[in-house]
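Peer 1: Chains as they are written, first to last, in our numbering: chain A, 15 to 419; chain B, 15 to 419.
The structure's right below; bear with me while I get my questions together.
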């Protein structure tokens with residue numbers, strides 16, 4: 015609290031307003047990087063992709079069998095097969111130099127180049143091999159069981175569009191075009207700064223009055239899952255100079271998150287630094303938990319000052335940070351939601367948007383709330399429901415939408 | 015085809031039977047590794063976690079304000095405040111050596127250790143500071159705004175169970191207990207072997223009759239997304255010795271996938287090798303696309319011989335491989351599904367379970383099928399519907415379930 019007065023919150027804004035402000039100040043990623051196509055799954059394509067050539071690029075057998083002149087098979091039947099001379103054999107990946115003449119054929123494997131002179135493939139199931147000859151039991155039309163050179167992709171075709179999220183089939187298209195690497199938008203870069211004298215890094219010794227840093231780890235794992243690159247920095251003292259140094263360090267990041275200024279004084283220092291160096295967007299939200307949240311912008315870096323309580327910090331991350339990060343990454347939000355029945359009555363604070371943790375069992379939502387701030391109240395829950403500011407009471411048996419963690 | 019006869023498929027089995035066989039032969043992962051907690055998100059916990067100490071571990075202020083003896087505040091009101099002497103100030107992370115006597119209090123920040131002698135905290139909003147004194151406008155009961163030492167986690171409590179998937183709140187619990195690293199089940203290890211003379215690695219030069227390897231990349235990206243570790247090996251010749259060497263190389267893997275023996279001959283070589291070294295589980299499935307699929311087991315390694323066509327290989331991976339990999343990884347399947355209306359009539363082959371790619375727009379599913387094997391028919395689709403073997407026709411307007419890629 016560094017000598018400051020203990021001031022109450024500045025003007026609280028509504029949850030909807032806070033969300034709108036964060037989203038408005040979230041810019042879609044413009045930086046681009048190149049990655050190996052296997053690593054590009056779930057990444058966002060940064061350029062349109064045009065095919066430089068046809069795929070497969072040549073006429074090929076679509077089935078195992080015999081490459082023939084279709085007309086040589088006309089009138090073939092089970093009782094009166096047509097007999098053709100087998101003049102060769104082509105494996106997939108091969109092209110034959112031989113040309114098929116009247117009454118001739120070549121044994122061919124799926125994917126092999128269709129030999130000159132032939133215009134169809136008779137599938138092996140409709141034939142019987144007899145030494146150098148093969149009996150054809152069924153006629154084929156020209157083009158039967160043959161793939162055209164541009165059957166899959168036509169040269170010049172726009173096969174993928176900028177902004178598409180690369181899933182396995184789309185990565186297959188890049189491979190089909192022989193691309194090893196692909197240009198995608200960079201992941202949002204987030205610097206996490208644990209703050210406060212009370213927190214200690216996990217793995218270190220805990221002294222009287224201290225607790226382990228939880229927020230940096232819940233935030234970093236959430237961000238990683240969301241497609242961002244998060245870095246946990248060393249613990250920052252709740253002093254003006256230390257916070258200024260941290261902000262300087264985050265100059266090139268998309269986000270700087272201060273993950274635990276839990277007391278009024280600490281929050282005020284961060285708000286003062288933001289006002290001095292950039293723009294304070296809001297300070298305090300009418301949301302429960304998560305009221306003491308600060309948002310600002312310095313240069314191109316969004317700054318979030320999170321509440322110190324683990325539950326407040328993490329629910330804020332779900333409802334405010336996640337949508338912003340996904341927009342920044344150009345990815346859809348894709349929260350896993352489900353409509354279930356409320357198993358118990360829930361009272362809520364009028365005037366505050368409440369994030370209420372629940373456990374879901376057999377289609378019913380049970381309150382999973384423990385003491386305010388208890389991480390176990392979230393770890394034992396499956397997700398949360400949101401209760402708008404103007405709702406005071408939710409009755410047992412009513413329908414609620416659970417968002418899963 | 016290496017000199018072999020072109021044999022038709024051995025006995026085709028139903029799709030349901032193939033799935034049952036693969037799942038029955040899929041063992042849940044037993045190997046364990048230790049990872050940093052931030053990297054543990056979406057991993058599966060390999061041991062129960064018991065709390066070695068209480069969290070927070072001490073009595074602390076739950077709000078900013080003044081630590082008091084509750085009885086000193088009784089009868090305080092807005093018109094008749096109680097005045098207390100402020101004998102000190104405690105920041106979060108600190109413990110005071112001072113003891114509070116009658117008529118005294120200590121200014122305290124959220125999270126700070128409650129000083130001896132006090133039993134409650136008056137929130138700052140209900141006070142007014144007057145030099146060394148503070149006016150208390152509202153009484154508090156003993157324990158008000160105070161967190162107990164085991165408020166969040168009780169020493170000895172089982173906080174997380176073996177088999178739980180670690181989400182951000184659960185990672186928060188590990189951090190709260192001071193754990194830097196955690197034991198999780200290893201990811202399934204998959205060796206991918208591209209096969210066939212016709213395929214070329216992306217980035218290399220394409221000769222006449224060759225095509226770029228698509229299947230290794232669609233498979234690897236799908237597996238990566240599913241939580242497996244996939245390695246793409248060099249292209250394997252479709253010869254007995256080369257396939258035997260590949261299987262030897264995959265001896266310690268959970269899966270060996272041959273991603274493209276497209277011709278009958280190649281499939282037969284793999285099936286022969288499996289029969290010689292282990293057990294052939296099936297060879298050919300009544301599914302469309304994806305019929306020429308081989309499954310076997312050698313030692314503890316599951317072997318899959320995938321069809322060469324990119325669509326056949328990838329749809330098989332979605333419907334057969336993915337459920338097996340998720341079971342192996344001890345993770346839920348979690349496919350994104352949606353019920354939509356069919357926009358056009360679809361005919362299906364009776365006797366074969368069909369995987370039909372569709373594009374979804376405004377709640378309607380449109381066929382996205384192109385030439386058999388065309389990767390673009392999948393890359394332009396949003397997902398697929400499954401048509402059981404005994405269904406011949408799906409009418410426009412009927413409800414279908416789309417599984418998204």
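Every residue gets a Cβ at the ideal spot worked out from N, C-alpha and C, and that includes glycine.
Note that the structure is predicted; figures quoted are calculated from it, not measured.
Looking at chain A, which residues of the segment 180-201 of chain B have a Cβ within less than 9 Å of any of its Cβ atoms?
Peer 2: Answer in chain order: 180, 181, 182, 183, 184, 185, 186, 187, 188, 189, 190, 191, 192, 193, 194, 195.
Peer 1: Consider the Cβ of residue 385(B): report whether some Cβ of chain A lies at a distance smaller than 8 Å.
Peer 2: Yes - at least one Cβ of chain A is within 8 Å of the one on residue 385(B).
Peer 1: Shortest alpha-carbon distance to residue 349(A) belongs to which of 333(A), 86(A), 153(A), 245(A)?
Peer 2: Here the closest residue by C-alpha is 333(A).
Peer 1: With distances taken between CB atoms, is the gap from residue 389(A) to residue 416(A) smaller than 8 Å?
Peer 2: No. Outside cutoff.
Peer 1: Taking 8 Å as the cut-off, decide whether the C-beta atoms of residue 150(B) and residue 90(B) are in contact.
Peer 2: Yes; because the gap between Cβ atoms is below 8 Å, this pair is in contact.
Peer 1: Tell me the DSSP bridge mates of residue 326(A)?
Peer 2: Its beta-bridge partners do not exist; DSSP assigns none.
Peer 1: So within the segment 314-388 of chain A, which uninterrupted beta strand (DSSP E) runs reach at least 3 residues, ignoring any that extend past its ends?
Peer 2: You should have 315-319, 351-356, 367-375, 378-381.
Peer 1: How close, in whole Å, do the beta carbons of residue 132(B) and residue 83(B) come, if the pair is a contact with beta carbons under 8 Å?
Peer 2: Confirmed, about 6 Å.
Peer 1: Mind checking which residues open and close the alpha helix (DSSP H) that includes residue 35(B)?
Peer 2: Run containing residue 35(B): 29-38, per the alpha helix (DSSP H) assignment.
Peer 1: Which residues in chain B have a C-beta closer than 7 Å to the C-beta of residue 319(A)? List them in chain order.
Peer 2: Near residue 319(A) there are no residues of chain B at all, since even the closest Cβ is about 14 Å away, more than 7 Å.
Peer 1: Give the secondary structure of residue 20(A) by DSSP, where H, G and I count as helix, E and B as strand, and everything else as coil.
Peer 2: Note that residue 20(A) scores a pLDDT of 48, beneath 50, so its modelled location is shaky; the value from the coordinates is reported in the next line. Residue 20(A) falls in the coil class under three-state DSSP.
Peer 1: Going by C-alpha to C-alpha distance, which of 310(B), 301(B), 402(B), 384(B) sits closest to residue 285(B)?
Peer 2: Selected option, being the one with the closest Cα: 310(B).
Peer 1: Going by DSSP, name the residue or residues bridged to residue 147(A).
Peer 2: The partner list for residue 147(A) (beta bridge, DSSP) reads 99(A), 144(A).
Peer 1: Can you tell me which of the three DSSP states residue 287(A) falls into?
Peer 2: DSSP places residue 287(A) in helix when its eight states are reduced to three.
Peer 1: Taking the alpha carbon of residue 363(A) as the point to measure from, which residue in 345(A), 186(A), 413(A), 301(A) has its own alpha carbon closest?
Peer 2: Among 345(A), 186(A), 413(A), 301(A), the Cα nearest to that of residue 363(A) belongs to 301(A).
Peer 1: Put residue 249(B) into one of helix, strand or coil per three-state DSSP.
Peer 2: In this structure, residue 249(B) counts as coil in the three-state DSSP scheme.
Peer 1: Less than 8 Å between CB atoms is the rule here; does residue 173(A) satisfy it with respect to chain B?
Peer 2: Chain B, which has a Cβ nearer than 8 Å to the Cβ of residue 173(A), makes this yes.
Peer 1: For residue 54(B), which three-state DSSP category applies?
Peer 2: It is helical.
Peer 1: Please tell me whether residue 1(B) and residue 188(B) are closer than 8 Å, where the distance is taken between their beta carbons.
Peer 2: There is no way to answer for residue 1(B), as the model of chain B reaches only from 15 to 419.
Peer 1: Going by DSSP, what residue range makes up the alpha helix (DSSP H) through residue 241(A)?
Peer 2: Careful: residue 241(A) lies outside any alpha helix (DSSP H) and carries neither H nor E.
Peer 1: Name the residue from 139(A), 221(A), 87(A), 121(A) whose alpha carbon lies nearest to the alpha carbon of residue 155(A).
Peer 2: Comparing Cα positions, the closest option is 87(A).
Peer 1: Starting from the beta carbon of residue 392(B), find every residue of chain A whose beta carbon is closer than 8 Å, and list them in chain order.
Peer 2: Ordered by position in chain A, the residues that pass the 8 Å Cβ test against residue 392(B) are 183, 186.
Peer 1: Is the beta carbon of residue 342(A) sitting closer than 8 Å to the one on residue 330(A)?
Peer 2: It is not a contact, given that the beta carbons lie outside the stated cut-off.
Peer 1: Locate the alpha helix (DSSP H) running through residue 83(B), then write down its first and last residues.
Peer 2: No alpha helix (DSSP H) holds residue 83(B); DSSP gives it neither H nor E.
Peer 1: Going by C-alpha distance, which of 121(B), 323(B), 126(B), 40(B) is nearest residue 139(B)?
Peer 2: When only C-alpha atoms are compared, the closest one is 121(B).
Peer 1: Cβ atoms of residue 194(A) and residue 210(B): under 8 Å apart, would you say?
Peer 2: Cβ atoms of residue 210(B) and residue 194(A): not closer than 8 Å.
Peer 1: Quick check on residue 418(A): buried or exposed, where buried means 16 or more other Cβ atoms within 10 Å of its Cβ?
Peer 2: Exposed.
Peer 1: Spell out the partners DSSP gives residue 121(A) in its beta bridges.
Peer 2: According to DSSP, residue 121(A) bridges with 80(A), 103(A).
Peer 1: Any C-beta of chain A within less than 7 Å: which residues of the segment 311-343 of chain B qualify?
Peer 2: From the segment 311-343 of chain B, only 322, 324, 328 have a Cβ closer than 7 Å to chain A.
Peer 1: Would you kindly check if the distance between the Cβ of residue 72(A) and the Cβ of residue 384(B) is under 8 Å?
Peer 2: For residue 384(B) and residue 72(A), no; Cβs fall outside 8 Å.
Peer 1: In this structure, what does DSSP give as the bridge partners for residue 415(B)?
Peer 2: Note: residue 415(B) sits in a beta bridge opposite 353(B).
Peer 1: With DSSP collapsed to three states, give me the class of residue 310(B).
Peer 2: Note: residue 310(B) maps to strand in three-state DSSP.
Peer 1: What is the DSSP secondary structure of residue 292(A), counted as helix, strand or coil?
Peer 2: Residue 292(A): coil per DSSP, three-state reduction.
Peer 1: Between residue 124(B) and residue 115(B), what straight-line distance do the alpha-carbon atoms span, to the nearest angstrom?
Peer 2: About 21 Å.
Peer 1: Who are the neighbours of residue 389(B) on chain A, taking C-beta pairs under 7 Å?
Peer 2: The contacting residues are 166, 183, 186, 187, 190.
Peer 1: Just verifying my parser: in three-state terms, what is the DSSP assignment at residue 170(A)?
Peer 2: The answer is coil: DSSP assigns residue 170(A) none of H, G, I, E or B.
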